[in-house]
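The next block holds one structure in the form of structure tokens; read it before the comments.
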Amino acid sequence: MSLSSSGFYLFASRYRLLIPAVIIVFSLLFSSGAHAGFIPEDSRVPGGVAVIKLPQKGDAPPHVFFQKKRVFTAKKDDTWYAWVGLPLSLKAGQYQAFWRTKDGDKPLDFKVTDKKYQEQRLTVKNKHVNLSTEQLQRVWRETPEIRGAMDTFKPVIHPLPDVLVQPTEGRISSSFGLRRVFNGKPRKPHSGMDIAASTGTPVLSALNGKVAAIGDYYFNGKTVIVDHGQGLTTLYCHLSETEALKVGDTVSAGDKLGEVGATGRVTGPHLHWTVTLNGARVDPALFLEQ
């Protein structure tokens with residue numbers, strides 16, 4: 206199909222405002238990488254983050270993979286870095302991430318050392334440990350929604366603030382990686398950080414992003430999950446109230462998501478905060494100012 210000069214003029218006049226806007230949006234989403242105001246602490250242990258310097262030049266986001274999952278990349282001081290989330294289940298040893306280039310995948314070698322997390326042994330009534338059939342069915346229904354929101358990878362770039370916002374003020378009452386043993390039976394390690402605070406204390410988004418899930422779940426209670434793009438997500442749960450948000454809403458670092466509470470399967474008011482990178486739960490403390 207061709208356009209006459211007059212037809213082209215009319216087309217250009219009608220869409221002269223739309224075309225630049227489309228170009229800008231496309232550029233923000235796919236051409237410009239995340240420019241890091243901060244970088245998490247490099248901690249190459251299970252549940253940690255391997256921060257790997259990349260030799261890539263230019264502004265196009267690098268494509269880096271670990272265990273077949275694409276990982277978060279950001280540029281700081283003209284240097285690209287990959288933030289590789291290391292699962293708690295990872296064994297100590299030598300590993301490789303892969304940087305995808307036009308000449309093929311280039312290996313990025315790094316070593317993971319072991320870390321012993323704390324263990325807590327508790328004796329409680331069986332009703333607090335074993336779920337009924339009805340409770341189990343509810344958990345099975347809710348789990349795909351929660352994990353789907355936490356473990357997603359969207360090639361979207363959200364600007365990084367200079368400092369990650371601590372989501373609420375309070376005392377860290379339970380650290381990441383803590384393994385609880387109830388009545389002699391070990392449970393999964395603690396996948397986040399618990400911050401004890403009074404009911405009603407504001408809970409803020411740690412970073413810019415979009416709401417990926419919001420709901421009231423059996424274990425987590427009232428919960429908000431925010432997707433920060435490139436496989437980086439944060440979860441905030443046991444809230445007493447959530448803001449009037451819906452899936453897809455944009456939030457900025459420091460925006461209020463809800464208030465501290467004791468909903469779900471808990472014994473007292475606190476915020477449970479989880480950080481996920483490329484599907485791995487990682488220690489939130491690595492993202493906070495030291």
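In terms of our numbering, the sequence shown opens at residue 206 and continues consecutively. Glycine residues also receive a C-beta, built at the ideal position from the N, C-alpha and C atoms.
In the same chain as residue 355, and ignoring 5 residues on each side of it, the C-beta atoms closer than 7 angstroms to its own belong to 430, 438, 440, 481, in chain order. Counting only the Cα atoms, residue 476 lies some 13 angstroms from residue 395. Contact annotation: the region 257–267 does not touch the region 440–453, with fewer than three C-beta pairs closer than 8 angstroms. With a 10 Å radius around the Cβ and a threshold of 16 neighbouring Cβ atoms, residue 348 comes out exposed. Taking C-beta atoms as the reference points, residue 290 and residue 487 count as a pair closer than 7 angstroms. For residue 354, the enclosing alpha helix (DSSP H) stretches over residues 338–355. Looking at the DSSP output, residue 322 sits in no beta bridge, so it has no partner there. With a cutoff of 7 angstroms on beta-carbon distance, residue 362 and residue 239 are scored as near each other. Excluding five sequence positions before and after residue 367, the CB atoms of its chain that fall closer than 6 angstroms to its own CB belong to 242, given in chain order.
In this structure, residue 425 keeps its C-beta atom at 7 angstroms or more from the C-beta atom of residue 458. Taking a C-beta distance under 7 angstroms as the contact criterion, residue 473 and residue 444 do not qualify as a contact pair.
Residue 246 and residue 288 have their C-alpha atoms spaced approximately 10 angstroms apart. Residue 418 carries a strand assignment under DSSP once its states are collapsed to helix, strand and coil. Secondary structure of residue 490 (DSSP, three-state): helix.
Beta-bridge partners of residue 293 (DSSP): none assigned. Nearest to residue 364 by alpha-carbon distance, out of 275, 252, 411, 420, is 411. Within its own chain, the residues whose Cβ lies closer than 8 angstroms to the Cβ of residue 392, once the five positions on either side in sequence are excluded, are 384, 385, 386, listed in chain order.
Counting other Cβ atoms within 10 Å of its Cβ, residue 399 reaches 16 or more and is therefore classed as buried. Here residue 418 really is in contact with residue 350; their C-beta atoms are around 6 angstroms apart, less than 8 angstroms.
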